[in-house]
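Note sheet for the following structure.
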Amino acid sequence: FDKLNIHIENGSINSVISELDKSGNGTISKEDFETWYRESLFWKHKQEEMQKEQEAAEAIDPFDFPEGLRGRVWYVVTLPLVLCLWATLPDVRRQDRQKVHYGVAGFLGAIVWIGIFSFCMVDWATVVSNSLGVPVAVAGLTVLAAGTSVPDLLSSVIVAKQGEGDMAVSSSIGSNIFDVLVGLPLPWLCFSIINQEKVVVKAESLGASLLVLIFMLVVVICSIKLANWRMTRGMGYSMFLFYLLFVAQDLLRQLPNKDDAVLPSF
Numbered sequence: 117f118d119k120l121n122i123h124i125e126n127g128s129i130n131s132v133i134s135e136l137d138k139s140g141n142g143t144i145s146k147e148d149f150e151t152w153y154r155e156s157l158f159w160k161h162k163q164e165e166m167q168k169e170q171e172a173a174e175a176i177d178p179f180d181f182p183e184g185l186r187g188r189v190w191y192v193v194t195l196p197l198v199l200c201l202w203a204t205l206p207d208v209r210r211q212d213r214q215k216v217h218y219g220v221a222g223f224l225g226a227i228v229w230i231g232i233f234s235f236c237m238v239d240w241a242t243v244v245s246n247s248l249g250v251p252v253a254v255a256g257l258t259v260l261a262a263g264t265s266v267p268d269l270l271s272s273v274i275v276a277k278q279g280e281g282d283m284a285v286s287s288s289i290g291s292n293i294f295d296v297l298v299g300l301p302l303p304w305l306c307f308s309i310i311n312q313e314k315v316v317v318k319a320e321s322l323g324a325s326l327l328v329l330i331f332m333l334v335v336v337i338c339s340i341k342l343a344n345w346r347m348t349r350g351m352g353y354s355m356f357l358f359y360l361l362f363v364a365q366d367l368l369r370q371l372p373n374k375d376d377a378v379l380p381s382f
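Now the structure itself:
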């Protein structure tokens with residue numbers, strides 16, 4: 117078992133041996149062991165590892181045109197981004213690039229591209245908001261907030277499918293804490309040091325937003341407590357409802373009314 121990297125507790129060895137000894141003569145034949153091994157979780161786990169290694173060994177070909185209308189539309193939409201990343205970032209999933217310098221280069225390159233995409237996303241969201249007459253704060257609450265939370269969503273889904281529910285929850289909470297304590301203060305600190313001036317937050321309803329945020333946090337904690345600290349489907353639906361209510365009340369407070377309208381002068 118040690119040579120096959122199979123770890124079994126001492127109390128379970130006798131039961132495993134009795135299961136393997138189908139002939140009942142105290143010996144284990146090669147055929148019996150192979151049959152047991154192929155039906156066990158060890159074999160399935162080994163097959164999954166081999167499949168992951170095979171998929172990682174295959175390099176991504178951005179010029180591989182997919183089949184189906186949905187796949188082709190998605191291919192055309194994402195082709196500029198895929199080409200930029202494919203040409204500048206090393207694919208560390210390949211066997212010949214699983215080295216430290218490739219990993220460091222990929223990590224630093226990913227940070228650079230995140231900065232570029234973030235700058236473009238904020239600038240474009242501001243232009244679209246001004247063109248449609250929507251306050252920039254509304255765009256930040258909806259489009260920008262959802263866009264920056266997509267990586268957290270994907271990582272949480274991946275680890276949740278692997279049975280790591282605690283990791284999925286802690287990842288989401290930790291990322292938001294990092295955003296508040298590092299993501300906001302660090303750019304402000306750099307701006308203050310370079311320009312020798314303070315950063316002015318132009319949010320008139322910031323105090324009300326903080327009170328609503330604290331209230332939503334209390335509601336979320338109470339909901340999890342009522343669900344016996346389990347991530348159930350009903351609690352997921354309630355979280356969606358709470359988010360919609362939060363967005364609705366913030367939009368109602370941020371959108372301009374008749375008193376704020378400025379009539380053109382002729």
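Under my numbering, read the sequence shown as residues 117 to 382, first letter to last. Ideal Cβ positions, reconstructed from N, Cα and C, are used throughout, including at glycine.
- In the three-state DSSP reduction, residue 343 falls in the coil class, being neither helix nor strand.
- If you compare the alpha carbons of 236, 350, 205 with that of residue 224, the shortest gap goes to 205.
- Taking one beta carbon from each stretch, the segment 284-295 and the segment 264-274 have 3 or more pairs nearer than 8 Å; the two touch.
- In terms of Cβ geometry, residue 328 and residue 370 do not form a close pair [threshold 8 Å].
- The shortest C-alpha to C-alpha distance from residue 222 to any of 338, 208, 235, 268 is the one to 208.
- Ranking 199, 167, 165, 162 by CA distance to the CA of residue 177 puts 199 first.
- Going by C-alpha positions, residue 217 is about 30 Å away from residue 280.
- The beta-carbon distance between residue 363 and residue 258, rounded to whole angstroms, is 6 Å. This is short enough to meet the 8 Å contact definition.
- Around the beta-carbon of residue 255, 16 or more other beta-carbon atoms lie within 10 Å, marking it buried.
- The straight-line gap separating the alpha-carbon atoms of residue 345 and residue 291 is approximately 21 Å.
- Residue state for residue 194 is assigned as helix, using DSSP reduced to three classes.
- Contact between residue 304 and residue 316 does not hold, since their C-beta atoms are separated by about 10 Å, which reaches or exceeds 8 Å.
- Counting C-beta atoms within 10 angstroms of its own C-beta, residue 226 has fewer than 16 neighbours from the protein chains shown and is therefore classed as exposed.
- For residue 287, the uninterrupted alpha helix (DSSP H) run begins and ends at 281-294, by DSSP.
- Where residue 228 is concerned, the enclosing alpha helix (DSSP H) starts and stops at 216-248.
- Using a Cβ distance threshold of 8 Å, residue 242 and residue 228 do not count as a contacting pair.
- In this structure residue 181 is in contact with residue 188, their Cβ atoms being roughly 7 Å apart against a cut-off of 8 Å.
- Within its own chain, the residues whose Cβ lies closer than 7 Å to the Cβ of residue 214, once the five positions on either side in sequence are excluded, are 208, listed in chain order.
- In this structure, the alpha-carbon of residue 235 lies about 31 Å from that of residue 331.
- Shown here for residue 245: same chain residues with a beta carbon closer than 8 Å to its own, the five before and five after excluded, namely 251, 252, 254, 255 in chain order.
- If you draw a straight line from the Cα of residue 145 to the Cα of residue 211, it is about 37 Å long.
- In the displayed model, residue 278 falls within coil according to three-state DSSP, outside both helix and strand.
- Taking 8 Å as the cut-off, the beta carbon of residue 351 is found closer than this to the beta carbon of residue 339.
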